[in-house]
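Let me begin by presenting the structure, written as structure tokens, before commenting on it.
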Amino acid sequence: MTDDPTFPRIRSAGTDGLLVSFGERLSEPANRAALAFRAAVDRAGWAGVEETSTSLVSTYLRFDPLGPGADSIRPQLETLLAEKTWTDADLPQGRRFFRIPTVYGTDRAPQLAEAAEVAGLSVEQAIDSISNARVRVTTIGFAPGQPYLGELPEVWDIPRQSALTPTVPMGALVVAIRQLVLFSVTTPTGWRHIGQTAFRLFRPDSDTPFVLRPGDEAQFIPTAPDQLANMDTDPDGGATSEVIR
Amino acid sequence: MSTLTVLSIGPGVTVQDMGRSGTLAYGLSRGGAMDRLALAEGAALLGQSADLAVLEMAGMGGRFEAGRDLRIALTGATMRATIDGAKLAWGASHLLPRGAILDIGPVTAGAYGYLHVGGGIDLPQILGARSTHLAAGLGKVLATGDQLPLGTDTGGDTGLHLPQSDRFNGGTIRVVPSLQTDLFPQDQRDRFTATRFSRDTRANRMGVRLASEGEGFSVSGGLSVVSELIVPGDIQVTGDGAPFVLMAESQTTGGYPRIGTVLPCDLPRVAQAPAGATLDFRFVTMDEALEAERRFRAEIKALPTQIKPLVRNPHDIRDLLSYQLISGVTTGYDPEGDMT
Numbered sequence: 001m002t003d004d005p006t007f008p009r010i011r012s013a014g015t016d017g018l019l020v021s022f023g024e025r026l027s028e029p030a031n032r033a034a035l036a037f038r039a040a041v042d043r044a045g046w047a048g049v050e051e052t053s054t055s056l057v058s059t060y061l062r063f064d065p066l067g068p069g070a071d072s073i074r075p076q077l078e079t080l081l082a083e084k085t086w087t088d089a090d091l092p093q094g095r096r097f098f099r100i101p102t103v104y105g106t107d108r109a110p111q112l113a114e115a116a117e118v119a120g121l122s123v124e125q126a127i128d129s130i131s132n133a134r135v136r137v138t139t140i141g142f143a144p145g146q147p148y149l150g151e152l153p154e155v156w157d158i159p160r161q162s163a164l165t166p167t168v169p170m171g172a173l174v175v176a177i178r179q180l181v182l183f184s185v186t187t188p189t190g191w192r193h194i195g196q197t198a199f200r201l202f203r204p205d206s207d208t209p210f211v212l213r214p215g216d217e218a219q220f221i222p223t224a225p226d227q228l229a230n231m232d233t234d235p236d237g238g239a240t241s242e243v244i245r
Numbered sequence: 246m247s248t249l250t251v252l253s254i255g256p257g258v259t260v261q262d263m264g265r266s267g268t269l270a271y272g273l274s275r276g277g278a279m280d281r282l283a284l285a286e287g288a289a290l291l292g293q294s295a296d297l298a299v300l301e302m303a304g305m306g307g308r309f310e311a312g313r314d315l316r317i318a319l320t321g322a323t324m325r326a327t328i329d330g331a332k333l334a335w336g337a338s339h340l341l342p343r344g345a346i347l348d349i350g351p352v353t354a355g356a357y358g359y360l361h362v363g364g365g366i367d368l369p370q371i372l373g374a375r376s377t378h379l380a381a382g383l384g385k386v387l388a389t390g391d392q393l394p395l396g397t398d399t400g401g402d403t404g405l406h407l408p409q410s411d412r413f414n415g416g417t418i419r420v421v422p423s424l425q426t427d428l429f430p431q432d433q434r435d436r437f438t439a440t441r442f443s444r445d446t447r448a449n450r451m452g453v454r455l456a457s458e459g460e461g462f463s464v465s466g467g468l469s470v471v472s473e474l475i476v477p478g479d480i481q482v483t484g485d486g487a488p489f490v491l492m493a494e495s496q497t498t499g500g501y502p503r504i505g506t507v508l509p510c511d512l513p514r515v516a517q518a519p520a521g522a523t524l525d526f527r528f529v530t531m532d533e534a535l536e537a538e539r540r541f542r543a544e545i546k547a548l549p550t551q552i553k554p555l556v557r558n559p560h561d562i563r564d565l566l567s568y569q570l571i572s573g574v575t576t577g578y579d580p581e582g583d584m585t
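One line per chain: the protein sequences are X and D, in this order.
For the first sequence, counting from 1, position 227 maps to 227 in my numbering; every step adds exactly one.
For the second sequence, counting from 1, position 29 maps to 274 in my numbering; every step adds exactly one.
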């Protein structure tokens, strides 16, 4: 993380929100800052704030624009930002490590070869690189319970596709810009579909509808297609987890 | 428990309300009705809360039968509607007698019509709301044979009319700069506001694609910007250069750059633009945006004062009176406006 004087930066997001960003690109310090700053905003409980969340490097606040809006919330944000160096903040408590069975390539994940080629790797090298990476949930977003995971080795700094893939199925593992996303729903995407899991991230009827949390870690273990099919009835898709100590 | 039975149904009818708050951090967008103004109009017509759940009908309605005498209101995109063959005014409240058939056909203007019922559709809440969120797999499109539970109606008049604010033919949409507007070179932004777009046929509850003649829009490095928060109304430009207005069920984060954000009060106009309708965009300042929001809320607050008794032509009245003699229902269609 460079000491870019333009961060942290407060910008408006639409007419009813403010976004506090801690970096131009994804970095671990900026991600930790966003998570810790949101927790501090929630603790502060300012009048008018209706909802908060984090993205990869930013904390977001939504408010009634005609209530105590940006004019009253922005100075409070500036004061809170000045209290400490947020990029030095710790990761959240109670983090877990998930090992998630994954089919790489085949007709279950048809863009592995294409992604490997864009990254300048053979298919075998690509599988080896991704499946040995222990990645961290940097944010939950896009779709319910859906994690962005990073950071992958530099070789995976590949762009999104120019056109959207019309649909990838629930449980799809996709890659772009040194990150993985594990899809919680069937959806269109601009990221390349390289792996397939049977892990359910969003369980609306359960007591814990959203399984993963920012700070959790994961590794995607290579698995044969017929084995994954056997896991389709298990919401965890054969995944195991342990608490990180 | 009394219910509304679905006898037949169009392909895109869902239960909607104002959507969810507090789930953004979990990747679940607000969702809710595409045209929130229509919710307010229906609530004003029935004299009840705008938070109650309604049916949102994309392009086509369905046939319904109620298990009790039921107050209904019809708002949003105009659709052909009858009760037991008698034509119904849109933008109005009516009495749907128990056992009568409400038939709502295709839209004649706009995109999303709304059927409101006295007491609301009383489905259990999931994660704080009753609205179906198709993109998240919460709820589902309605199917023939569905029985929708009806909430308790506090009662009130029917046979009332509320002029619908005109938002069904596209038009000029006001936007504020988005987080990434600056990534677009000035000439692209100028071209964006100078272009007359037409609403593409590719549109759903997640977003509305805008088609235009001429070249698309892009930023340098646009496929590698950091994924960032999305708010409803953001206009995303994907790799093919076509702008996409992100709507109620949009994703919560995304990496494609956004050229602007539609004012919340202008989103109903985007939602209701039928395929082929012309849309163009104009940047406004934050102060202008807040003033527009203030006016919009004042108009919503004033909706009850706009309500007038329905004026009917004699042909319709004769049909309805003869119906009432048979059913014994004596309220709701008095042409003189005495609705007691």
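Where is the CB? At the ideal position from N, CA and C, for every residue including glycine.
Rounded to whole angstroms, the gap between the alpha carbons of R316 of chain D and R62 of chain X is 36 angstroms. Around Q76 of chain X, the same chain offers A44 and W46 as residues with beta carbons nearer than 8 angstroms, after the five sequence neighbours per side are excluded.
Within the same chain, Cβ atoms closer than 6 angstroms to the Cβ of D232 of chain X are found at A198, the five residues on either side in sequence being excluded. The contact set of L383 of chain D on chain X, defined by CB atoms closer than 7 angstroms, consists of P204 in chain order. Residue D:E301 holds the alpha-carbon nearest to the alpha-carbon of A278 of chain D among D:E301, D:G287, D:Y501 and D:L395. Per DSSP, reduced to three states, the secondary structure at E24 of chain X is coil, with no helix or strand assignment. Proximity of chain X to R539 of chain D at the Cβ level (cut-off 8 angstroms) is accounted for by L66, in chain order. Taking CB atoms only, G277 of chain D has no neighbour in chain X less than 9 angstroms away. Within chain D, the residues whose beta carbon sits less than 8 angstroms from that of I140 of chain X are A270, Y271 and G272, listed in sequence order. Residues T52 of the same chain have their beta carbon placed closer than 6 angstroms to that of V41 of chain X, with the five preceding and five following residues left out of the count.
In the three-state reduction of the DSSP assignment, E310 of chain D falls in the strand class, which pools E and B.
By a beta-carbon distance limit of 8 angstroms, R160 of chain X does not contact L424 of chain D. Their separation comes to about 17 angstroms. Looking at the backbone, the Cα of L273 of chain D and that of V515 of chain D are separated by about 22 angstroms. Under the Cβ distance rule, D236 of chain X does not count among the residues neighbouring chain D, no pair being separated by less than 9 angstroms. Across the set X:D226, X:E78 and X:F220, the C-alpha of X:F220 shows the shortest separation from the C-alpha of A239 of chain X. Within chain D, the residues S266 have their CB atoms less than 7 angstroms from the CB of E50 of chain X, given in chain order.
In this structure, DSSP gives Q261 of chain D an extended state, which the three-state scheme calls strand. G396 of chain D and G365 of chain D have their C-alpha atoms roughly 5 angstroms apart. Straight through space, the alpha carbons of T87 of chain X and F22 of chain X are spaced by roughly 8 angstroms.
Taking the C-beta atoms as reference points, A34 of chain X is found nearer than 9 angstroms to T139 of chain X.
By the Cβ criterion, the stretch 114-130 of chain X is not in contact with the stretch 252-266 of chain D, since fewer than three pairs of Cβ atoms, one from each stretch, lie closer than 8 angstroms. Closer than 9 angstroms to the CB of P394 of chain D there is not a single CB belonging to chain X. Secondary structure within the stretch 318-371 of chain D: the beta strand (DSSP E) runs of 3 or more consecutive residues, fully enclosed, are 337-341 and 346-362 (chain order).
Per the C-alpha coordinates, the member of X:T167, X:F98 and X:D4 positioned closest to R213 of chain X is X:F98. In the DSSP assignment, no residue is bridged to D296 of chain D. Annotated three-state conformation of Q125 of chain X is helix, per DSSP.
Secondary structure at V211 of chain X: coil, using DSSP grouped into helix, strand and coil.
In this structure, A374 of chain D places its C-beta atom within 9 angstroms of the C-beta atom of D262 of chain D.
Remark: C-beta atoms of G190 of chain X and L91 of chain X do not approach each other more closely than 9 angstroms.
In the DSSP assignment, D511 of chain D falls outside any alpha helix (DSSP H) and carries neither an H nor an E. Taking a C-beta cut-off of 7 angstroms against chain D, the contacting residues of the stretch 206-217 of chain X are P209 and F210, listed in chain order.
In the structure shown, F142 of chain X adopts coil according to DSSP, grouped into three states.
Around A13 of chain X, the beta-carbon contacts reaching into chain D at under 7 angstroms are L424, L474 and V476. Residues of chain X whose Cβ lies closer than 7 angstroms to the Cβ of D445 of chain D do not exist; the shortest such Cβ separation is about 14 angstroms.
Shown here, D42 of chain X sits in a helix according to DSSP, grouped into three states.
A contact between stretches requires three or more CB pairs, one per stretch, nearer than 8 angstroms, and the stretch 472-484 of chain D fails this requirement with the stretch 396-410 of chain D.
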